Amino acid sequence: MSTDDAFAAAYRAHYWAVSRFVARRLDAPAHEVEEVVADVFAIAWRRRAELPDAPLPWLYGVARNCLANVVRGKGRYRRLLHRLTHHEAAHGRQTVTGPDAERPGSWVLEALDRLSPADQEVLRLAAWEELTVEELAVALDCGRSAAAMRLHRARRRLRAEIDRTRTAVSVPGGGDGHA
Amino acid sequence: MRDELELLRAADPAPAGAGRWRDRPLDATAEHALTRLLHGARTRRARRRLVLRAEAAVLALVAVLAFTLTGAGSGRAAAAPAALVPQAGTTAPSLDALARIAGARAAAAGPDDGPRRGSHLQSWSLAAPAGPDAAPPVTVPEERITRWNADGSGSELVVATDPRHPGRPVIQDDGGRWRTVGDGKVLHRAAYPAGYGTRHGGLAARTAPPTDPRALRTLLTSLYGAAGGGADGAGDGGDGVPQLLLALSSYRQEWTPGPRETAAIVRLLADTRGLRPAGAVTDRLGRRGLAFVHDGPDGAADTTRQMVVLDPRTGTLLGTEITFTRDVPDFRITAGQVLSYEAWLP
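Chains as they are written, first to last, in the working numbering: chain X, 57 to 235; chain A, 26 to 371.
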């Protein structure tokens, strides 16, 4: 298979996965997401000689850099950082209001939003892009052990934020139940 | 308590199985973008790229417009097609009459009369790769045929047509054996093994095309974001026509409808406000059709006219065309220029 054929195969196989990657991270309407995705594949095309056998994590890595440039270029970095809480509203999704409801919805996203950008990203890659540790290492351009450690720590911190949310909800105002 | 990654996964704002970014075969926008990448290598990267922004239905199509601010000397696309010109007449049947014709044909259809997963179409959209050292802009219609079998195997062929010989299909579907004819250049050819279509097909591929117009509208709304409105089109005032036609195009790429599904499509169009009969027309493949046009708003830019062409004998969807209704000087577009067209083959 030629390099061009390999690129075309990767494009066809992963176009929607890359679109989801961008849509999850960009608080923007669909046509802006499509523009960024087009840029991602344009960059990937120029770098197609580097395309690995398993191209998706590599494409995510390209998309991360591209997305950061786009967002910075448009002066929307702050919006990116706060994207998750906005995203639900922008897409008209239904969200639940408490941690005991069946669908976690916004409170999990809010818990995620309180973490550092680096923690958020490794968690998104693991949960939403469903990357293995090896794939995380490719997408984050780091070693396997570093990726495993970053994920472990981020999960621990997210768990703590979730527990904090649960505590806050289960003891509202700190005094209920003592009447 | 659920694992934190599991909780986060359940809150995924863009799940793979539903919504705008769900897994499915490439849509026209993505296909065009790939074609540009694969075959635009000779052109230099444009200094700047602008994407014309309209809204609603136009947005997805506009995404394929890789307009560039060009240096001096780059002209208009060499193969840009002229807009179809319907010949207004008093004898042309209405959409409602066509729906009755299609309904009668559906009633007489046998069990083997479709639908069939896959499609065969010729399409074109305005694009002009350019730059300081760019070759003269060339815009080539593309023909694509996709077929899927019951076992999930399938095949796909994409051919660039020769702009010097417009109006001819370049893929001949000879009982499932595809031959390229004329001067078509093969852009992509693939065969997919059994099970592939089942694993990689999206919800649209797994959902049998409705034979009821209300169910079809519901499907187009849920899968492709067509304007909701009532099943009879009431309430949308025609504003949703561009989105509806775009959704219909996406649906048509997945499936080649049989007479029953065609009847549902025509009835859906007949019950939709905002489409007016424009007369007889000969489409780009030389077929006689009836044109129905939406002149209403297409979003903030409000610059386009949508046309759908149906076979007067059967109601079969022959094609669509979008043309500009106003000059857009920033992009050197003049009123009447074609933004895109699609011509569907059986």
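Built from N, CA and C at the ideal position, the CB exists for glycine as well.
Note that this is a predicted model, so its numbers are computed, not measured.
Euclidean distance between Cα positions of residue i and residue j
| i | j | result |
| --- | --- | --- |
| Ala155 (chain A) | Gln362 (chain A) | Below a pLDDT of 50, predicted positions are generally treated as unreliable, and Ala155 (chain A), at 39, falls in that range; no measurement from the model is reported. |
| Trp369 (chain A) | Ala202 (chain X) | 52 Å |
| Ala185 (chain A) | Asp198 (chain A) | 16 Å |
| Gly254 (chain A) | Arg80 (chain X) | Its pLDDT being 47, under 50, Gly254 (chain A) is placed unreliably by the model, and the measurement read from it follows with that caveat. If you take the alpha carbons of Gly254 (chain A) and Arg80 (chain X), they lie about 28 Å apart. |
| Gly283 (chain A) | Ser162 (chain X) | 44 Å |
| Arg45 (chain A) | Pro85 (chain X) | 11 Å |
| Arg214 (chain A) | Tyr67 (chain X) | 14 Å |
| Glu186 (chain X) | Pro111 (chain A) | 52 Å |
| Ala122 (chain A) | Leu241 (chain A) | 19 Å |
| Glu166 (chain X) | Trp173 (chain A) | 43 Å |
| Leu364 (chain A) | Leu171 (chain X) | 45 Å |
| Ala183 (chain X) | Ile358 (chain A) | 45 Å |
| Gly265 (chain A) | Ala272 (chain A) | 10 Å |
| Ser200 (chain X) | Leu168 (chain X) | Sequence check: residue 200 (chain X) is Arg here, not Ser. Distance between the alpha carbons of Arg200 (chain X) and Leu168 (chain X) is about 23 Å. |
| Gly220 (chain A) | Gly177 (chain A) | 4 Å |
| Thr329 (chain A) | Ala316 (chain A) | 16 Å |
| Ser144 (chain A) | Thr345 (chain A) | 15 Å |
| Val194 (chain X) | Ala204 (chain X) | 12 Å |
| Trp72 (chain X) | Leu123 (chain X) | 16 Å |
| Ile218 (chain X) | Leu30 (chain A) | 11 Å |
| Asp308 (chain A) | Leu151 (chain A) | 18 Å |
| Ala105 (chain X) | Pro166 (chain A) | 29 Å |
| Ala125 (chain X) | Arg49 (chain A) | Note on residue identity: the sequence assigns Asn, not Ala, to residue 125 (chain X). About 28 Å. |
| Val96 (chain X) | Gln147 (chain A) | 27 Å |
| Arg313 (chain A) | Tyr116 (chain X) | 47 Å |
| Arg159 (chain X) | Ala36 (chain A) | Only weak support exists for where Arg159 (chain X) lies, its pLDDT of 47 falling under 50; the value from the coordinates is given anyway. One C-alpha to the other measures close to 7 Å. |
| Ala39 (chain A) | Gly304 (chain A) | 43 Å |
| Glu279 (chain A) | Leu245 (chain A) | 12 Å |
| Phe349 (chain A) | Leu32 (chain A) | 47 Å |
| Pro322 (chain A) | Val353 (chain A) | 16 Å |
| Thr59 (chain X) | Ala98 (chain X) | 15 Å |
| Ala134 (chain A) | Asn121 (chain X) | 54 Å |
| Gly114 (chain A) | Ile347 (chain A) | 22 Å |
| Ala127 (chain A) | Glu191 (chain X) | 52 Å |
| Trp203 (chain A) | Ala216 (chain X) | 60 Å |
Minimum C-alpha distance to residue i - residue among the options
| i | options | result |
| --- | --- | --- |
| Val164 (chain X) | X:Tyr116, X:Ala204, X:Leu214, X:Ala174 | X:Leu214 |
| Ala62 (chain X) | X:Val74, X:Trp101, X:Asn125 | X:Trp101 |
| Arg117 (chain A) | A:Pro234, A:Gly340, A:Pro106 | The question names Arg, but residue 117 (chain A) is Ala in the sequence shown. Selected option, being the one with the closest Cα: A:Gly340. |
| Arg76 (chain X) | X:Tyr67, X:Val93, X:Arg220 | X:Val93 |
| His57 (chain A) | A:Ala108, A:Ser247, A:Arg169, A:Pro106 | A:Arg169 |
| Leu181 (chain X) | X:Ala69, X:Trp114, X:Ala65, X:Tyr71 | X:Trp114 |
| Leu294 (chain A) | A:Arg141, A:Trp203, A:Asp237 | A:Asp237 |
| Pro267 (chain A) | A:Gln278, A:Trp280, A:Tyr249 | A:Tyr249 |
| His64 (chain A) | X:Leu112, X:Ala69, X:Ala64 | X:Ala64 |
| Asp296 (chain A) | A:Arg49, A:Asp28, A:Ala124 | A:Ala124 |
| Gln331 (chain A) | A:Gly128, A:Ala108, A:Ala36, A:Gly114 | A:Ala108 |
| Pro173 (chain X) | X:Leu196, X:Phe97, X:Glu190 | X:Leu196 |
| Arg298 (chain A) | A:Arg277, A:Asp320, A:Val306 | A:Asp320 |
| Pro106 (chain A) | A:Gly222, A:Trp149, A:Arg204 | A:Trp149 |
| Ala175 (chain A) | A:Ala131, A:Gly200, A:Gly222 | A:Gly222 |
Inter-residue CB distance, residue i and residue j (contact presumed, cutoff 8 Å)
| i | j | result |
| --- | --- | --- |
| Val318 (chain A) | Leu300 (chain A) | 7 Å |
| Ser180 (chain A) | Tyr217 (chain A) | 7 Å |
| Gly139 (chain A) | Glu367 (chain A) | Gly139 (chain A) to Glu367 (chain A), Cβ: 19 Å. No contact. |
| Glu88 (chain X) | Leu82 (chain X) | 7 Å |
| Arg220 (chain X) | Val178 (chain X) | So it is not a contact: roughly 20 Å between Cβ atoms. |
| Leu212 (chain A) | Thr60 (chain A) | 6 Å |
| Ala373 (chain A) | Arg142 (chain A) | Any property of residue 373 (chain A) remains undetermined from this structure, which presents chain A solely from 26 to 371. |
| Arg34 (chain A) | Ala41 (chain A) | Their Cβ separation, rounded to whole angstroms, is 11 Å, which puts Arg34 (chain A) and Ala41 (chain A) out of contact at 8 Å. |
| Ala119 (chain X) | Asp175 (chain X) | Not quite, the Cβ-Cβ distance comes to about 19 Å (not below 8 Å), so this is no contact. |
| Pro108 (chain X) | His70 (chain X) | In fact, because the Cβ distance is near 12 Å, the residues do not count as touching under 8 Å. |
| Pro234 (chain A) | Leu120 (chain A) | Wrong, their Cβ atoms sit about 20 Å apart, outside the cutoff. |
| Pro194 (chain A) | Leu310 (chain A) | 6 Å |
| Pro371 (chain A) | Thr281 (chain A) | 7 Å |
Chain C contact residues for residue i, given Cβ-Cβ distances below 8 Å
| i | result |
| --- | --- |
| Ala64 (chain X) | The structure shown contains no chain C; its protein chains are X and A. |
Checklist entry - Taking contact to mean at least 3 C-beta pairs separated by less than 8 Å, is the stretch 327–345 of chain A in contact with the stretch 289–297 of chain A? => result Under the Cβ criterion (8 Å, minimum of three pairs), the stretch 327–345 of chain A counts as touching the stretch 289–297 of chain A.
Item to check | Residues in the stretch 163–190 of chain X having any Cβ partner in chain A nearer than 7 Å | outcome: Cβ contacts with chain A come from Val164, Leu165, Leu168, Leu179, Ala182, Ala183, Trp184.
Item to check | Members of the stretch 93–126 of chain X that neighbour chain A once the beta carbon cut-off is set at 7 Å | outcome: Interface annotation for the stretch 93–126 of chain X against chain A: Ala94, Phe97, Ala98, Trp101, criterion Cβ-Cβ distance under 7 Å.
Item to check | chain A contacts made by the stretch 209–222 of chain X, where a contact means CB separation under 7 Å | outcome: Of all residues in the stretch 209–222 of chain X, Arg211, Leu214, Arg215, Ile218 have a Cβ within less than 7 Å of some Cβ in chain A.
Next on the checklist: Please list, in chain order, the residues of the stretch 191–205 of chain X that have any C-beta partner in chain A closer than 8 Å.
Outcome noted: Hits within the stretch: zero.
Item to check | Contacting positions in the stretch 64–79 of chain X - beta carbon closer than 7 Å to chain A | outcome: Result list: Ala64, Tyr67, Arg68, Tyr71, Trp72, Ser75, Arg76, Ala79.
Checklist entry - Mind listing which residues of the stretch 170–182 of chain A have their C-beta closer than 8 Å to chain X's C-betas, in chain order? => result Among the residues of the stretch 170–182 of chain A, none has a Cβ less than 8 Å away from any Cβ of chain X.
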